[in-house]
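Numbering (this note's numbering), first residue to last: 1 to 443.
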Ligand code: ARG
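Okay, structure coming up:
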């Protein structure tokens, strides 16, 4: 049993099972850095309010800074028997700063402290994730650029549809990632770092004392709280971040699925580097896209984490409730998964090679150009409905008789429509012509 921040009122120690059940230090230790940074801001507030003597302030500052140093250099060790990271850091401060340590928690509650810490953690991780999103965006852009002239079959319903350029295909994911970038940014914009809520009702320190402009470590200024009840019970920023992460993960799963398909024998569009694949313990020939499959699979966890916190928050009365302690594991989990996915995908895409010969062979499928053929008729005065039917018949004829349209004579083609002839169709049945004919896309 360890020292509690709230032991005074109790006549007995906490049951061992209750400690095990309620403790959170095994996961909230990730908040250590933000907790200390928050405490450094809090002692400034206490000093301004004349609640600390100069020597006490100095002792607390020294103690907190030395703890921060151990966190930053990786030598910080937690004591897992403490209730949470806040209690443990309080204990460390008391050990280092002596009596001054007993003043650290003046006008403060863990309810405010934990909201502040999680907000600071979330802010930092939103920006880390945003940078990783940008890295993947750049890598996809480079891959597109390297394959500037490459055209592949485009699909709807996973059936051959119309040829598209690799640039456009990869840039579709760049568009998604750009929206993810904005979503992460918006989640960050909506985070207000505040202090001064106390347990729920505010404290006797004037609101003005909380303005902190010089904070380098927090990415945002700290301010006094506008509504202390909301400050200790708001977890919207977690839900918004989990939503942004779940959406990013959904995009990554689609990208992964495309690459899984493209690397199959059946598609054979790309080669994923050996360093990013794994083998089979039984089948010697296997090269499996496990990284991509895990990216696809993790999305379930990301959705689960979002639904988890939404459900945990539903119907909670104001203000702080211990249920909220359960917001951290899903939040940390989602950030960690998405960050790992983005990092590994960025490296994987630096090593993707397109199998141009196989792609060219697949582009020989004449049905890919059926829409272009009907567009040609439309541009020559045929109504769209008639053109659709005429080319439909031509494709049916090709499939039924197993002939290549390219080998049909002018006389045969004219039976379908007088404007059709071998020369025209030879030009249309061409991946580059097909892609270049699409003028509606902004360049
Ligand atoms: N470990 C708690 C959490 O994460 C800290 C706040 C505890 N506050 C309280 N009044 N019990 O939510």
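Heads up, the beta-carbon is just placed ideally off N, CA and C, and yes, glycines get one too.
Between residue 303 and the set 335, 318, 343, the nearest pair of CA atoms involves 335. In its chain, beyond the 5 residues on either side, 278 have a beta carbon closer than 6 Å to the beta carbon of residue 290.
Using a Cβ distance threshold of 9 Å, residue 174 and residue 137 count as a contacting pair. In terms of side-chain proximity, the C-beta atom of residue 19 is found no nearer than 8 Å to any non-hydrogen atom of the ligand ARG. In this structure, residue 120 has its beta carbon at no less than 8 Å from each heavy atom of the ligand ARG.
Judged by the Cβ position, residue 110 qualifies as a neighbour of the ligand ARG at the 8 Å threshold, a heavy atom of the ligand being closer than this. For the 9 Å CB-CB criterion, residue 120 and residue 37 form a contact. Nearest in C-alpha terms to residue 190, of all of 240, 232, 219, is 240. The nearest non-hydrogen atom of the ligand ARG is 8 Å or more from the C-beta of residue 30. Taken atom to atom, the span from the alpha-carbon of residue 77 to that of residue 188 is near 30 Å. Residue 15 and residue 22 have their alpha carbons spaced roughly 11 Å apart. If you check the C-beta of residue 9 against the ligand ARG, you find no heavy atom less than 8 Å away. Taking all protein chains in view, the Cβ of residue 384 is surrounded by fewer than 16 other Cβ atoms within 10 Å, so the residue is classified as exposed. Beta-bridge annotation (DSSP): residue 155 is paired with 160. Inclusion of residue 324 in the 8 Å shell around the ligand ARG follows from its C-beta lying nearer than that to a non-hydrogen atom of the ligand.
Taking the Cα of residue 225 as reference, the smallest distance to any Cα among 244, 282, 205 is reached at 205. Between residue 27 and residue 149, the alpha-carbon positions lie close to 50 Å from each other. Where residue 416 is concerned, there is no enclosing beta strand (DSSP E), because DSSP gives it neither an H nor an E. About 6 Å separates the Cβ atoms of residue 406 and residue 429, confirming a contact at the 8 Å cut-off. Less than 9 Å divides the Cβ of residue 144 from the Cβ of residue 170. A residue is called buried when at least 16 other Cβ atoms come within 10 angstroms of its Cβ; residue 198 meets this threshold and is buried.
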